[in-house]
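Below is one structure, written out as structure tokens; the observations come after it.
There are 2 protein chains.
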Amino acid sequence: MRLPATYHVRATASDIAARAQGIAVEQSVEMPLDAIDEPRVLTEIVGAVEDIADLGDGRFAVRIGLALSTFGQDAGQLLNMLFGNTSLQEDVVLADIDLTEALIALNVRPQHRIGELRQRMAARHRALTASALKPQGLAPERLGALAERLALGGLDFIKDDHGLADQDYSRFADRIPQCAAGIARAVRHTGHQTQYVPSLTGNLDHLRAQAALARDTGLNCIMVAPMISGFPAVQALVREFHEMVVFAHPSMGGLRIAPDLLIGKLFPLIGADAVIFPSYGGRFGYSQQTCRRLAENARGFGALPVPAGGMTLARAGEILDFYGSDTMLLIGGNLLQARERIPEEAEIFTRAVAAHVYA
Amino acid sequence: MRLPATYHVRATASDIAARAQGIAVEQSVEMPLDAIDEPRVLTEIVGAVEDIADLGDGRFAVRIGLALSTFGQDAGQLLNMLFGNTSLQEDVVLADIDLTEALIALNVRPQHRIGELRQRMAARHRALTASALKPQGLAPERLGALAERLALGGLDFIKDDHGLADQDYSRFADRIPQCAAGIARAVRHTGHQTQYVPSLTGNLDHLRAQAALARDTGLNCIMVAPMISGFPAVQALVREFHEMVVFAHPSMGGLRIAPDLLIGKLFPLIGADAVIFPSYGGRFGYSQQTCRRLAENARGFGALPVPAGGMTLARAGEILDFYGSDTMLLIGGNLLQARERIPEEAEIFTRAVAAHVYA
Numbered sequence: 019m020r021l022p023a024t025y026h027v028r029a030t031a032s033d034i035a036a037r038a039q040g041i042a043v044e045q046s047v048e049m050p051l052d053a054i055d056e057p058r059v060l061t062e063i064v065g066a067v068e069d070i071a072d073l074g075d076g077r078f079a080v081r082i083g084l085a086l087s088t089f090g091q092d093a094g095q096l097l098n099m100l101f102g103n104t105s106l107q108e109d110v111v112l113a114d115i116d117l118t119e120a121l122i123a124l125n126v127r128p129q130h131r132i133g134e135l136r137q138r139m140a141a142r143h144r145a146l147t148a149s150a151l152k153p154q155g156l157a158p159e160r161l162g163a164l165a166e167r168l169a170l171g172g173l174d175f176i177k178d179d180h181g182l183a184d185q186d187y188s189r190f191a192d193r194i195p196q197c198a199a200g201i202a203r204a205v206r207h208t209g210h211q212t213q214y215v216p217s218l219t220g221n222l223d224h225l226r227a228q229a230a231l232a233r234d235t236g237l238n239c240i241m242v243a244p245m246i247s248g249f250p251a252v253q254a255l256v257r258e259f260h261e262m263v264v265f266a267h268p269s270m271g272g273l274r275i276a277p278d279l280l281i282g283k284l285f286p287l288i289g290a291d292a293v294i295f296p297s298y299g300g301r302f303g304y305s306q307q308t309c310r311r312l313a314e315n316a317r318g319f320g321a322l323p324v325p326a327g328g329m330t331l332a333r334a335g336e337i338l339d340f341y342g343s344d345t346m347l348l349i350g351g352n353l354l355q356a357r358e359r360i361p362e363e364a365e366i367f368t369r370a371v372a373a374h375v376y377a
Numbered sequence: 019m020r021l022p023a024t025y026h027v028r029a030t031a032s033d034i035a036a037r038a039q040g041i042a043v044e045q046s047v048e049m050p051l052d053a054i055d056e057p058r059v060l061t062e063i064v065g066a067v068e069d070i071a072d073l074g075d076g077r078f079a080v081r082i083g084l085a086l087s088t089f090g091q092d093a094g095q096l097l098n099m100l101f102g103n104t105s106l107q108e109d110v111v112l113a114d115i116d117l118t119e120a121l122i123a124l125n126v127r128p129q130h131r132i133g134e135l136r137q138r139m140a141a142r143h144r145a146l147t148a149s150a151l152k153p154q155g156l157a158p159e160r161l162g163a164l165a166e167r168l169a170l171g172g173l174d175f176i177k178d179d180h181g182l183a184d185q186d187y188s189r190f191a192d193r194i195p196q197c198a199a200g201i202a203r204a205v206r207h208t209g210h211q212t213q214y215v216p217s218l219t220g221n222l223d224h225l226r227a228q229a230a231l232a233r234d235t236g237l238n239c240i241m242v243a244p245m246i247s248g249f250p251a252v253q254a255l256v257r258e259f260h261e262m263v264v265f266a267h268p269s270m271g272g273l274r275i276a277p278d279l280l281i282g283k284l285f286p287l288i289g290a291d292a293v294i295f296p297s298y299g300g301r302f303g304y305s306q307q308t309c310r311r312l313a314e315n316a317r318g319f320g321a322l323p324v325p326a327g328g329m330t331l332a333r334a335g336e337i338l339d340f341y342g343s344d345t346m347l348l349i350g351g352n353l354l355q356a357r358e359r360i361p362e363e364a365e366i367f368t369r370a371v372a373a374h375v376y377a
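Residue numbers (this note's numbering), protein chains in the order written: chain A, 19 to 377; chain B, 19 to 377.
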């Protein structure tokens, strides 16, 4: 069985056939085929060029059938065989993969829990709202107080900034109870079940301990950065903590892998329920087309797209119109700029989202 | 205390100051500074633009002092704060970091063991030799037989192809004893202490179990791919198995981080004794300048540079002249093309390296 992977390759028409074959070999046996004397390896293991299409701008779309048997059951090996060595070659972008049922069954966990959270938040149909705890450098109590003020505005999710880790000035074990308590105080006031999403970092031992602490603190959500923690660690974590809603952060995701594939398909494949990504029109350069595809891909897995990265309250309507209601809109710094008016500004945000009439 | 990190940024002269400040903020507090009301965060946590130099080709070298306190003790967080979100921006390359003693002390393990291996192999001064077990898809016994034939040529190191993982057709637990036994048979014949370097994959649990199996099989070396396993996992593994020599493979290393930094500095920082990289003149596009810097950076940590990726016996002399003797030359596919003459071809390789007179 083979997984069709599409690479976009810069090449001339006369070179592309050889270049395509080169990628097929690099991503499978990685050696000259004339040195392989086992026929089964040549037929069953070596990548097969299935199609080459001229994209018309000096690039070609090359579809290669990669042998599923080379992937094993580890999500890290999936990355390795999809793009490991070829990631080092500047003329190639991994554009898309056609996820087979077999691969999905191997990796994805059986149920995602966003629907359940929607229900608890009485948000059956509207878009969801989120903000972020920043800046790092604040002591846990101050982060807890900030979490409370954001939650007073009735936000659905309040996540850690991805820079919050286990630093001396803010230990994970101190920070999580403080932020959870801050949000709990607000929830008693608002009645809205705002969820705190702590960012987990470190190796699998650390991730496990932090996820357990989050769970023991009564939290339902966690955030991980798969490109930093490693796909294998995230895969293990989401299986073990299958009752937690998993947010994936794109930190270190700047490879030559199309973002709509990496964030929109691969992150949900290994277990993300919500995928944070830098939306068009913010501080990052993703195009509208990339963002739309990314969001659609994520929803195809039952995962919520979370546009972020410099979103503003002033643009909320436009962003919602673009992404539709099956979206979680994350506004971080722009809300924090309200300073002493953070609860009020957060409430304006949540009301605007709830009242939005889609164009 | 601050870590100076240099980014190469595409920008116009009128934009670069704002762009540099944007990176300094993105890689620290990631929010508008006017929303930060704690003076200590502004002075001690926010990244500081220390220098901007025009590189003359539409790019600028921007040096930013990143607060060491934001890094904590996790190598994943090191990556996160160096380049996490900025990796998503196409106009920026992380070019270099000036590793402080503090950071080195935090991360690197106290002793690397290449010198000891050199001694055991009676290779005090000459370059070291290596080859790779391929193709994946072969059963463990066949890989073991191939390992034996390569080792009969007197190679110093025989590593797994990085595609060998824990696949159905070749389970790690079956493969490692077979390859180790094959090499042991050859060692009894040659008297040369050829070392087998198995590739470890999967999450930290898997990595630990595989490293333990390698150690229990009497092996001294292991290989990991930090960009797939994750920096945090590699950091934990090399600490726990500090007696093993660690090879780092660059799979999935194709980010906008200069290879001489990523492979030459960061891989050794987290514990690599030998760093495999795609040398100029092979299947990959690294320039001679990149390769030279990478090799020099690695040696600065006491790590051996291992040029690879399409090296050939015919080019051995030229490659050795370029890199010098403090190098491990890895020739994979080209040796395997000798097929039934693999032991003889491997011996020609090892003799050529031993006899090489540097230009």
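Glycine is no exception: its CB is placed at the ideal position from the N, C-alpha and C atoms.
task: Using DSSP bridges, identify the partner residues of Q116 (chain A).
output: Reading the sequence as shown, one finds Asp at residue 116 (chain A) and not Gln. Bridge partners of D116 (chain A): none, in fact.
message: Taking the alpha carbon of R131 (chain A) as the reference point, which residue from A:L354, A:A292, A:F302 has its own alpha carbon closest?
response: A:A292
query: Since Y187 (chain A) meets chain B, which of its residues come closer than 7 Å, beta carbon to beta carbon?
result: Going along chain B in sequence order, the residues near Y187 (chain A) (Cβ under 7 Å) are S87.
Test item: CB-CB of F249 (chain B) and V215 (chain B) under 8 Å: no
field: Beta-bridge partners of F340 (chain A), as assigned by DSSP
entry: Looking at the DSSP assignment, F340 (chain A) forms no beta bridge with any residue, so it has no partner.
message: If I measure Cβ to Cβ from A254 (chain B) and keep anything under 7 Å in the same chain, skipping five residues before and after, which residues do I get?
response: These residues qualify, in order along the chain: L222.
message: I need the straight-line Cα distance from R138 (chain B) to L280 (chain B), nearest angstrom please.
response: 30 Å
- request: Could you name the residues that DSSP lists as bridge partners for L322 (chain A)?
  value: A:A292
- prompt: Which partner residues of G83 (chain A) appear in the DSSP bridge assignment?
  reply: A:P22, A:A66
query: Roughly how many angstroms separate the alpha carbons of P296 (chain A) and P277 (chain A), rounded to a whole number?
result: Looking at the backbone, the Cα of P296 (chain A) and that of P277 (chain A) are separated by about 10 Å.
- prompt: Out of curiosity, what's the CA-to-CA distance linking V110 (chain A) and R28 (chain A)?
  reply: 7 Å
field: From A:I122, A:F89, A:N352, A:G162, residue whose alpha carbon lies closest to that of I201 (chain A)
entry: Of the candidates A:I122, A:F89, A:N352, A:G162, the one whose C-alpha sits nearest the C-alpha of I201 (chain A) is A:G162.
task: Please work out which residues of its chain come closer than 6 Å, Cβ to Cβ, to L170 (chain B), disregarding the five sequence neighbours upstream and downstream, and give them in chain order.
output: Correct list, in chain order: A204, P361.
query: If you follow the alpha helix (DSSP H) that V371 (chain B) is part of, which residue opens it and which one closes it?
result: 360–373
field: Amino acids of chain D, ordered along the chain, whose beta-carbon sits closer than 7 Å to that of F302 (chain A)
entry: Absent from the structure: chain D. Protein chains present are A and B.
- prompt: How about H143 (chain A): is its C-beta nearer than 8 Å to some C-beta of chain B?
  reply: By this cut-off, H143 (chain A) is not an interface position.
task: Have a look at C309 (chain B) and D186 (chain A) and give me their C-alpha separation to the nearest angstrom.
output: Rounded to whole angstroms, the separation of the alpha carbons of D186 (chain A) and C309 (chain B) is 37 Å.
message: Against chain B, does F101 (chain A) count as a neighbour if the rule is that its beta carbon must be under 8 Å from one of theirs?
response: yes
task: Can you give me the Cβ contacts of R77 (chain A) inside the same chain, cut-off strictly under 8 Å, excluding the 5 residues immediately before and after it?
output: H26, V27, R28, A29
field: chain B residues whose Cβ lies nearer than 8 Å to that of N98 (chain A)
entry: H180, G181, A183, T219, A243, I246, S269, M270
- request: Report the residues of the region 206–233 of chain B with a CB closer than 8 Å to any CB of chain A, ordered along the chain.
  value: T219, G220, N221, L222, D223, H224
query: Helix or strand or just coil, what does DSSP make of D72 (chain A)?
result: strand
- prompt: Using CA coordinates, which residue listed in B:G335, B:D33, B:T147, B:L348 is at the minimum distance from H210 (chain B)?
  reply: B:T147
message: Tell me which residue opens and which closes the alpha helix (DSSP H) that D192 (chain B) is part of.
response: 190–208
message: If distances are taken between C-alpha atoms only, which option among B:L348, B:M270, B:D75 comes closest to L331 (chain B)?
response: B:L348
- request: Report yes if the CB atom of R81 (chain B) is closer than 8 Å to the CB atom of T118 (chain B), and no otherwise.
  value: No, they are not a contact pair.
- request: Assign Q45 (chain A) to buried or exposed, taking buried as 16 or more other Cβ atoms, counted over all protein chains shown, within 10 Å of its Cβ.
  value: buried
query: Quick one: what does DSSP say K152 (chain A) is sitting in, helix, strand or coil?
result: coil
DSSP three-state assignment for I266 (chain B), whether helix, strand or coil: For the record, residue 266 (chain B) in the displayed sequence is Ala; it is not Ile. Residue state, collapsed to three classes: strand.
task: Leaving aside the five residues before and after D92 (chain B) along the sequence, list all residues of the same chain whose C-beta is less than 6 Å from its C-beta, in chain order.
output: P250
message: Please classify G350 (chain B) as buried or exposed, where buried requires at least 16 neighbouring CB atoms within 10 angstroms.
response: The residue is buried, with at least 16 neighbouring Cβ atoms inside 10 Å.
- prompt: Are there 16 or more other CB atoms within 10 angstroms of the CB of L73 (chain B), so buried, or fewer, so exposed?
  reply: exposed
- request: Using a cut-off of 8 Å between C-beta atoms, extract the partners of L354 (chain B) located in chain A.
  value: M49, P50, A53
message: Does the contact criterion of 3 or more C-beta pairs under 8 Å hold for the region 181–199 of chain A versus the region 142–157 of chain A?
response: Three or more Cβ pairs closer than 8 Å define a contact, and the region 181–199 of chain A meets that threshold against the region 142–157 of chain A.
Rounded separation between D116 (chain A) and L96 (chain A) - CA only: 13 Å
query: What three-state label does DSSP hand M139 (chain B) in the structure shown?
result: coil
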